[in-house]
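Chemist:
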Amino acid sequence: MKSQQFEQYGEALVSHQYEIPVPKGEEVLIKISACGVCHSDVHVWEGHFDLGEGKKVDLKGNHQLPFTLGHEIAGEVIALGETANKAIVGNNYVVYPWIGCGQCPLCEKGEEHLCNRPRAIGVTVDGGFSEYVIVPSGRYLYELGKLPASLACTYACSGVTAYSAVNKVKSLVRGRELLIVGAGGVGLSALSMAKALLNCKVIVADIDQTKRELALQEGADIVIDPNDRDEVYKLRKSLKGGVAAAVDFVGSDRSLGFGMKMLNKGGTILVVGLFGGSLPLSVPMLPLKAITISGSFVGSTQDMKEMMELVHAGKINPIKITQRPLSQAHQTLKDLQQGKVVGRVVLTPGENS
Ligand SMILES: [Zn+2]
Ligand SMILES: [Zn+2]
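Heads up: take any position in the sequence shown, counting from 1, add 581, and you land on the working numbering.
1) Tell me whether Cys738, by its Cβ, gets closer than 7 Å to a heavy atom of ligand 1.
2) With a Cβ-Cβ cutoff of 8 Å, do Glu627 and Thr735 count as a contact?
3) What three-state label does DSSP hand Gln883 in the structure shown?
4) For Phe830 versus Val762, is the C-beta spacing smaller than 8 Å?
5) Taking the beta strand (DSSP E) that Phe630 falls in, what are its first and last residues?
6) With a 10 Å radius around its C-beta and 16 neighbouring C-beta atoms as the bar for buried, classify Asn643 as buried or exposed.
7) Counting contacts by CB-CB distance shorter than 8 Å, is Arg905 in contact with chain B?
8) Thinking C-beta only, is Ser614 closer than 8 Å to Ala775?
9) State the start and end residues of the unbroken alpha helix (DSSP H) segment that holds Leu867.
10) Do Gly691 and Gln883 have their C-beta atoms within less than 8 Å of each other?
11) Is Glu689 helix, strand or coil when you go by DSSP?
12) Quick one: does the C-beta of Cys616 sit closer than 7 Å to a heavy atom of ligand 1?
13) Have a look at Asp814 and Val638 and give me their C-alpha separation to the nearest angstrom.
14) Taking only heavy atoms of ligand 1 into account, decide whether any of them is closer than 7 Å to the Cβ of Glu592.
15) Can you find a heavy atom of ligand 1 that lies under 7 Å from the Cβ of Cys696?
16) Nearest by alpha-carbon distance to Val785: which of Gly768, Ile872 and Phe630 is it?
17) Taking Lys583 and Ser770 to be in contact with their CB atoms under 8 Å, please state how far apart those CB atoms are, rounded to whole angstroms.
18) Leu844 and Ile872: beta carbons closer than 8 Å?
19) Look up Arg755 in the DSSP assignment and say whether it is helix, strand or coil.
20) Under the three-state reduction of DSSP, which class applies to Phe830: helix, strand or coil?
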């Protein structure tokens, strides 16, 4: 099988040829038909997260090199380990990639995605920039049904991340406003889910005009350029103080600063994006404005189950997908790094890879 891998962090991905792996025990082998390319792939490839002020979380040494990225995987089960569920062979699934150790208190609580000893596919173990991948158990698979694989794969990361965040602010925004900061792939998924699930006005902020226009087409009630001071001032005035909740899908000092500024008293901001940075915090503003700052990382298997039910019920608008052959994995990482991707790029290993 062909796998697009990096041999050193930050260096060009190269195509390697391997034997097709053989599943053991509960494991299943997936023939990959689609794998989305996500900003987290860029971080793992670069080997660090930026904490701001020159500090970084070093991811180097966490991977066996060469490494295969790709955690948004959909495909067909074509082989099983001895103890795997026989009924799933030949069917098409989306793979839940945020797999934990299965033994710690977080995993036992159903929060494998927060496990401190993760086995996350494409993040800590080899992933989907490849023709085949091994999944530890059939219980991490979610049926495709009538969904195209190129769309369905994106639910494993951008979809479940967006759903988990939207679900967390659900009770806070009823009849009020939600601010989405950042209209990239995850932000647009969240917009679609917010329109489907929440009874509130949705405002989308992005510095890029093309992305703001796309957000309007996808149903945003209001769009705003956070750098346009006059417009921001007018919007805050019209909101009589600010929004009830904000979700920051960028995760930079500027985006969080903007989101916090837009919160009304008693508001909550949830940080999801991992762009990087740090900002000084006026500590008395927390009690004086009674605001809550929290974080949300991908989503649980329960989130994945609930979200896929909504998707199958036709309640979530499909996001814009661009398909590319597997051989364009490296170019796609570079395009994402430079902010050139609108919607989601999905690699299709089955076709001209
Ligand atoms: Zn991702
Ligand atoms: Zn665990």
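Glycine residues also receive a C-beta, built at the ideal position from the N, C-alpha and C atoms.
Modeler: A quick look at the data gives this:
1) Yes - ligand 1 has a heavy atom lying nearer than 7 Å to the Cβ of Cys738.
2) Against a cut-off of 8 Å, the Cβ pair of Thr735 and Glu627 comes out as no contact.
3) DSSP places Gln883 in helix when its eight states are reduced to three.
4) Their beta carbons are under 8 Å apart, which means Phe830 touches Val762 by this criterion.
5) Residues His629 to Gly633.
6) Under the 10 Å beta carbon count, Asn643 is surrounded by fewer than 16 other beta carbons and is classified as exposed.
7) Of the protein chains in this structure there is only one, and it is not chain B.
8) Not a contact, by the Cβ cut-off of 8 Å.
9) Looking at the DSSP string, the run of the alpha helix (DSSP H) that includes Leu867 is Met866 to Lys870.
10) Yes, they are a contact pair.
11) The three-state reading of DSSP puts Glu689 in helix, counting H, G and I together.
12) Placement of the Cβ of Cys616 at a distance of 7 Å or more from every heavy atom of ligand 1 is found.
13) This sequence places Tyr at residue 814; Asp is not what is there. Those two C-alpha atoms are separated by around 36 Å.
14) When distances are taken from the beta-carbon of Glu592 to the heavy atoms of ligand 1, even the shortest one reaches 7 Å or more.
15) Flag unset: Cβ of Cys696 not near ligand 1.
16) Nearest of Gly768, Ile872 and Phe630 to Val785, Cα basis: Gly768.
17) Actually they do not touch by this definition, with Cβ atoms about 29 Å apart.
18) With a cutoff of 8 Å on beta-carbon distance, Leu844 and Ile872 are scored as near each other.
19) DSSP places Arg755 outside both helix and strand once states are collapsed to three, so it counts as coil.
20) Correct three-state label for Phe830: coil.
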